[in-house]
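J.: The structure follows.
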């Protein structure tokens, strides 16, 4: 997915949010602010995006979006329980309609047999209590893994959470 | 400045931080996470970058990095006092060695005669009490203004705060 395709996807997400007068927030670990960057590429994005959390460390995940220390200790940062807590915590802190969270291993270091490079967990939450978590295994280098993660997060949000608008 | 030039600049900043065992945090308004994105493009960036704040709205600036409501009311979000408070607040919240903040008018809307599109304020703070604020007037479209802001923030940090290492 090219930069201009990411921009088009971001525009579609923004238009869907605008139509339903909804807002989105982000809690990003391995994508490191890239989702927030593509959302704010869109002129007028302040109508539906008002903050994002770049929670790269475990401390940041705990302090910024309320992930529990025990959840991190039990599961590791790249896990379903952690992305669920990240999304729920970001949603609450931002008082947003929707939240998306990402935690993964972008590489080239940090992979393990259980969680190889390219493993990325995604969390989704909304203000009517729907939550979802998904894992993907992406291939390619660090840029490719991160790029696919940004794309997957926005596409899933659009197709599964912003569809009926 | 191209994406690969931004990546090279980010790498230089990261190497300088690593040499002095220092960390950096970001408080971004108009750049919307782009600085955090280019920092985390670098493999191993978790050694010197552990969180970033995308404070797009006034509420986010107050709640995430402690900007005072009165400072916003008196000066507007795109102002020297606000970027100074953003940098100081981010530094403190992240317990980082260095903080950089950005607040500007990326356009195409939002410009005024006093603060035309392309006006961008930058704040810098470090843990030995140095603070700095600068304003730039960039030209070009939204992407160009944001790109120049990312570049200026990282370059200034490198040249003025990370020089003697």
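Residue numbers (my numbering), protein chains in the order written: chain A, 1 to 165; chain B, 1 to 165.
C-beta: ideal position from N, C-alpha, C; glycine also.
1) Just verifying my parser: in three-state terms, what is the DSSP assignment at residue 46 (chain A)?
2) Can you tell me whether residue 92 (chain B) is helix, strand or coil according to DSSP?
3) So, is the C-beta of residue 50 (chain B) closer than 8 Å to a C-beta in chain A?
4) For residue 147 (chain B), would you say it is in contact with chain A, using Cβ-to-Cβ distances shorter than 8 Å as the test?
5) Is any beta-carbon of chain B found at less than 8 Å from that of residue 116 (chain A)?
6) Does the stretch 44 to 51 of chain B come close enough to the stretch 113 to 131 of chain B that 3 or more CB-CB pairs lie under 8 Å?
7) Starting from residue 76 (chain B), find everything on chain A with Cβ-Cβ shorter than 8 Å and list it in chain order.
8) Suppose you measure from the CA of residue 6 (chain A) to the CA of residue 38 (chain A); what does that come to, to the nearest Å?
9) Would a check of beta-carbon distances place residue 92 (chain A) closer than 8 Å to chain B?
10) Could you have a look at residue 37 (chain A) and say whether DSSP puts it in helix, strand or coil?
11) Taking Cβ positions only, does residue 119 (chain A) come closer than 8 Å to chain B?
12) Which residues, in order along the stretch 54 to 65 of chain B, keep a beta-carbon less than 7 Å from a beta-carbon of chain A?
13) Could you check whether residue 32 (chain B) and residue 40 (chain A) sit closer than 8 Å to each other, using their CB atoms as the reference points?
14) Indicate the three-state DSSP secondary structure (helix, strand or coil) for residue 86 (chain A) in the structure shown.
15) Taking DSSP as the reference, what is the three-state secondary structure of residue 134 (chain A)?
16) Under DSSP, the alpha helix (DSSP H) around residue 14 (chain A) begins and ends at which residues?
17) With a threshold of 8 Å on Cβ separation, who are the neighbours of residue 141 (chain B) within its own chain once the five nearest residues in sequence on each side are excluded?
18) Between residue 22 (chain B) and chain A, is any beta-carbon pair separated by less than 8 Å?
19) If you count every other CB in all the chains shown that lies within 10 Å of the CB of residue 128 (chain B), and 16 or more means buried, which is it?
20) Is it buried or exposed for residue 126 (chain B), if we count other Cβ within 10 angstroms and need 16 for buried?
21) In the DSSP assignment, find the unbroken alpha helix (DSSP H) run with residue 151 (chain B) in it and report its ends.
22) What residue does the alpha helix (DSSP H) around residue 69 (chain A) start on, and which one ends it?
23) Tell me, please, whether the CB atom of residue 165 (chain A) is closer than 8 Å to any CB atom in chain B?
24) Using a threshold of 8 Å, state whether the C-beta atoms of residue 88 (chain A) and residue 24 (chain A) are closer than that.
25) Which residues does DSSP pair with residue 129 (chain A) in a beta bridge?
26) Please list, in chain order, the residues of the stretch 35 to 48 of chain A that have any C-beta partner in chain B closer than 8 Å.
27) Taking all protein chains shown into account, decide if residue 51 (chain B) is buried (16 or more other Cβ within 10 angstroms of its Cβ) or exposed.
28) Return helix, strand or coil for residue 65 (chain B), following the three-state DSSP convention.
29) Please list the partners that residue 104 (chain A) has in chain B, where partner means a Cβ-to-Cβ separation under 9 Å.
30) For residue 143 (chain B), return the contacting residues in chain A, with the cut-off set at a CB-CB distance below 8 Å.
T.: According to the structure data:
1) Translated into the one-based positions of the first chain, residue 46 (chain A) becomes position 46. Reduced to three states, the DSSP call for residue 46 (chain A) is helix.
2) Counted from its first residue, the second chain places residue 92 (chain B) at position 92. If DSSP states are grouped into helix, strand and coil, residue 92 (chain B) belongs with the helices.
3) By one-based count along the second chain, residue 50 (chain B) stands at place 50. Yes, residue 50 (chain B) lies at the interface with chain A (some Cβ there is under 8 Å from its Cβ).
4) By 1-based counting over the second chain, the position of residue 147 (chain B) is 147. Not closer than 8 Å to any Cβ of chain A, the Cβ of residue 147 (chain B) fails to qualify, so no.
5) Walking along the first chain from the start, residue 116 (chain A) turns up at place 116. Not a single C-beta of chain B is nearer than 8 Å to the C-beta of residue 116 (chain A).
6) Segments in contact, no.
7) Working through the second chain from its first residue, we reach residue 76 (chain B) at position 76. The contacting residues do not exist; residue 76 (chain B) stays about 14 Å from chain A at best.
8) Taking the first chain and counting its residues from 1, one reaches residue 6 (chain A) at position 6. Taking the first chain and counting its residues from 1, one reaches residue 38 (chain A) at position 38. Distance from the CA atom of residue 6 (chain A) to the CA atom of residue 38 (chain A), rounded to whole angstroms, is 7 Å.
9) On the first chain, residue 92 (chain A) is found 92 positions in, with the first residue counted as 1. Not closer than 8 Å to any Cβ of chain B, the Cβ of residue 92 (chain A) fails to qualify, so no.
10) Taking the first residue of the first chain as position 1, residue 37 (chain A) is located at position 37. Helix, per DSSP.
11) In the first chain, residue 119 (chain A) corresponds to position 119, counting from 1. Not an interface residue.
12) Those residues of the stretch 54 to 65 of chain B that come within reach of chain A (Cβ to Cβ, closer than 7 Å) are 54, 55, 56, 57, 59, 60, 64.
13) Here residue 40 (chain A) refers to the residue found at position 40 when the first chain is read from its first residue. Here residue 32 (chain B) refers to the residue found at position 32 when the second chain is read from its first residue. The answer is yes: Cβ separation under 8 Å.
14) Here residue 86 (chain A) refers to the residue found at position 86 when the first chain is read from its first residue. The three-state reading of DSSP puts residue 86 (chain A) in helix, counting H, G and I together.
15) In the first chain, counting from the first residue as 1, residue 134 (chain A) sits at position 134. Reduced to three states, the DSSP call for residue 134 (chain A) is strand.
16) Within the first chain, numbered from 1, the residue matching residue 14 (chain A) stands at position 14. Unbroken alpha helix (DSSP H) run through residue 14 (chain A): 3 to 19.
17) Working through the second chain from its first residue, we reach residue 141 (chain B) at position 141. 107, 108.
18) Translated into positions along the second chain, residue 22 (chain B) becomes position 22. Not a single CB atom of chain A sits nearer than 8 Å to the CB of residue 22 (chain B).
19) Here residue 128 (chain B) refers to the residue found at position 128 of the second chain. With fewer than 16 other CB atoms across the displayed protein chains lying within 10 angstroms of its CB, residue 128 (chain B) is exposed.
20) Counting from 1 along the second chain, the entry for residue 126 (chain B) is found at position 126. It counts as buried.
21) Taking the first residue of the second chain as position 1, residue 151 (chain B) is located at position 151. From DSSP, the alpha helix (DSSP H) with residue 151 (chain B) extends over 142 to 156.
22) Taking the first chain and counting its residues from 1, the one referred to as residue 69 (chain A) is at position 69. Taken as a continuous stretch (DSSP letters only), the alpha helix (DSSP H) holding residue 69 (chain A) covers 69 to 75.
23) Residue mapping note: residue 165 (chain A) aligns to position 165 of the first chain, counting from 1. Residue confidence is low: residue 165 (chain A) scores 48 on pLDDT, short of 50, so the model does not pin down where it sits. Its coordinate-derived value is still stated next. For residue 165 (chain A), no CB of chain B lies under 8 Å from its own CB, so it is not counted at the interface with that chain.
24) On the first chain, residue 88 (chain A) is found 88 positions in, with the first residue counted as 1. On the first chain, residue 24 (chain A) is found 24 positions in, with the first residue counted as 1. For residue 88 (chain A) and residue 24 (chain A), no; Cβs fall outside 8 Å.
25) The residue labelled residue 129 (chain A) in the question sits at position 129 within the first chain. Note: residue 129 (chain A) sits in no beta bridge, so no partner.
26) Flagged, chain order: 35, 36, 37, 39, 40, 41, 43, 44, 45, 46.
27) Within the second chain, the letter at position 51 stands for residue 51 (chain B). Buried, because 16 or more other Cβ atoms sit within 10 Å of the Cβ of residue 51 (chain B).
28) Position 65 of the second chain holds residue 65 (chain B). DSSP places residue 65 (chain B) in helix when its eight states are reduced to three.
29) Against the first chain, residue 104 (chain A) aligns to sequence position 104. By Cβ distance, chain B contributes nothing, its closest Cβ being about 12 Å from residue 104 (chain A), past 9 Å.
30) Locating residue 143 (chain B) in the second chain gives position 143, counting from the first residue. Neighbours of residue 143 (chain B) in chain A, taken as residues at a C-beta separation under 8 Å, are given in chain order as 41.
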